[in-house]
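Here's the structure we're looking at; comments come further down.
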Amino acid sequence: MSETGVKNNNKPDGSRKVIYLMEYPIDLPGGGQMSTRTLCEGIIAGAEEIHDPKRTIWEPVVICPALLTHKAEDYPFRILEYKALENREDALIPRLINFAGRIRHFARLIRQEKPDLIHVSMSESLLTYGFSRLLPGLSKYPFIYTDRGLCYGYRRHTKLLMRAILKKSEGMICTTQYNKDLWVKEEMIRSEKR
45 MSETGVKNNN
55 KPDGSRKVIY
65 LMEYPIDLPG
75 GGQMSTRTLC
85 EGIIAGAEEI
95 HDPKRTIWEP
105 VVICPALLTH
115 KAEDYPFRIL
125 EYKALENRED
135 ALIPRLINFA
145 GRIRHFARLI
155 RQEKPDLIHV
165 SMSESLLTYG
175 FSRLLPGLSK
185 YPFIYTDRGL
195 CYGYRRHTKL
205 LMRAILKKSE
215 GMICTTQYNK
225 DLWVKEEMIR
235 SEKR
């Protein structure tokens with residue numbers, strides 16, 4: 045059993061697994077993709093540099109749509125791909141089909157991987173994961189959210205859903221103090237000193 049209470053039989057002893065959920069392929073140029081790649085590469089580099097048997101080793105795993113130009117083997121971390129429609133589609137029906145498919149893929153791959161932590165850094169992935177958590181057995185996995193955008197840029201219904209989902213999170217990371225202040229001002233998060 046891990047400290048999260050999640051039995052994890054598919055990891056070596058002394059290691060923990062963090063899953064990064066994405067609605068876009070990691071090889072599609074974008075801020076969320078670059079941030080996720082940088083975090084995963086940093087985790088890998090840190091594990092290789094420090095040889096302390098008491099130190100917890102984290103295994104990063106990225107869950108994203110099928111890669112566009114690279115192969116999963118091109119990366120120093122594991123990538124689990126899922127089939128998805130074009131996510132920038134303007135038509136409602138294809139977007140809903142894609143959203144439902146992502147919920148299903150996230151649920152299947154989370155159950156398969158049994159992570160110790162889930163990290164979400166894209167707003168649509170947060171909404172998808174929020175709905176995935178309603179499925180049996182998925183609410184037990186702790187998660188954090190990184191917001192690189194600006195709080196006022198989200199639509200009203202998106203903010204309502206994000207607020208409800210974030211109440212269940214272990215925490216939120218804002219990449220700027222300005223953005224954190226916006227979230228606090230709009231009462232989307234509590235101001236906590238840590």
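Residue numbers for the sequence shown follow this note's numbering, beginning at 45 and rising by one. All C-beta atoms, glycine included, are put in the ideal place defined by N, C-alpha and C. Model, not experiment: these values are computed from the prediction.
key: Reduced DSSP secondary structure (H/G/I, E/B, other) of P138   = The count along the sequence shown starts at 1 and reaches residue 138 at position 94. Correct three-state label for P138: helix.
task = Can you check DSSP and say which residues form a bridge with W102?
result = Walking along the sequence shown from the start, residue 102 turns up at place 58. R60.
request  = Spell out a yes or no on whether the stretch 110-128 and the stretch 142-153 are touching, meaning 3 or more CB-CB pairs, one atom from each, closer than 8 Å.
outcome  = In short, these stretches touch, since the Cβ pair count reaches three.
request  = Inspect the beta-carbon positions of V289 and L161 and report whether they are closer than 8 Å.
outcome  = An answer regarding residue 289 cannot be provided, because it is not within the stretch 45 to 238 covered by the chain.
ask   = If you check the beta carbons only, do I107 and L124 fall under 8 Å apart?
value = As a first step, residue 107 is located in the sequence shown; it is residue number 63 there, counting from the start. As a first step, residue 124 is located in the sequence shown; it is residue number 80 there, counting from the start. If you check the CB distance, I107 and L124 come in under 8 Å.
ask   = Excluding the five sequence neighbours on either side, which residues of its own chain have a C-beta within less than 6 Å of the C-beta of T219, listed in chain order?
value = Looking up residue 219 in the sequence shown gives position 175. For T219, where only same-chain residues beyond five positions count, the Cβ hits under 6 Å are R192.
request  = Mind checking who P109 pairs with in its DSSP beta bridge?
outcome  = Walking along the sequence shown from the start, residue 109 turns up at place 65. Paired residue(s): Y126.
For N122, the nearest candidate out of I70, S165, M206 (CA to CA) = Residue mapping note: residue 122 aligns to position 78 of the sequence shown, counting from 1. Checking the displayed sequence, the identity of residue 122 turns out to be Arg instead of Asn. Looking at the Cα atoms, I70 is the closest of the given residues.
inquiry  = To the nearest angstrom, how far is the alpha carbon of P180 from that of I154?
reply    = As a working mapping, residue 180 is identified with position 136 in the sequence shown. As a working mapping, residue 154 is identified with position 110 in the sequence shown. One alpha carbon belongs to P180, the other to I154, and they sit about 12 Å apart.
message = Closest to P73 by C-alpha separation, out of I137, L111, G215, A135, would be which residue?
response = Along the sequence shown, read from residue 1 onward, the residue named residue 73 stands at position 29. Of I137, L111, G215, A135, the residue nearest in Cα terms is L111.
request  = Note down the Cα distance separating P186 from A116, rounded to an integer number of angstroms.
outcome  = Working through the sequence shown from its first residue, we reach residue 186 at position 142. Working through the sequence shown from its first residue, we reach residue 116 at position 72. Each residue's Cα considered, the two are about 26 Å apart.
task = Could you tell me if I137 is buried or exposed, where buried requires 16 or more neighbouring beta carbons within 10 angstroms of its beta carbon?
result = The residue you call residue 137 lines up with position 93 of the sequence shown. So I137 ends up on the exposed side.
ask   = Which residues bound the beta strand (DSSP E) around D191?
value = Counted from its first residue, the sequence shown places residue 191 at position 147. From DSSP, the beta strand (DSSP E) with D191 extends over 187-191.
task = Flag this pair as yes or no: are the beta carbons of L226 and C195 separated by less than 8 Å?
result = Mapped onto the sequence shown, residue 226 falls at position 182. Mapped onto the sequence shown, residue 195 falls at position 151. Yes, the pair counts as a contact, with Cβ atoms nearer than the cut-off.
message = Looking only at its chain, what residues have a beta carbon closer than 6 Å to the beta carbon of Y64, apart from the 5 residues adjacent to it on each side?
response = Residue 64 sits at position 20 when you count from the first residue of the sequence shown. Excluding the 5 residues flanking it on each side, Y64 has same chain C-beta neighbours closer than 6 Å at T80, V106, H163, in chain order.
query = Distance, Cα to Cα, K211 vs S167?
reply = Locating residue 211 in the sequence shown gives position 167, where the first residue counts as 1. Locating residue 167 in the sequence shown gives position 123, where the first residue counts as 1. Separation of K211 and S167 (C-alpha to C-alpha, rounded to the nearest whole angstrom) is 15 Å.
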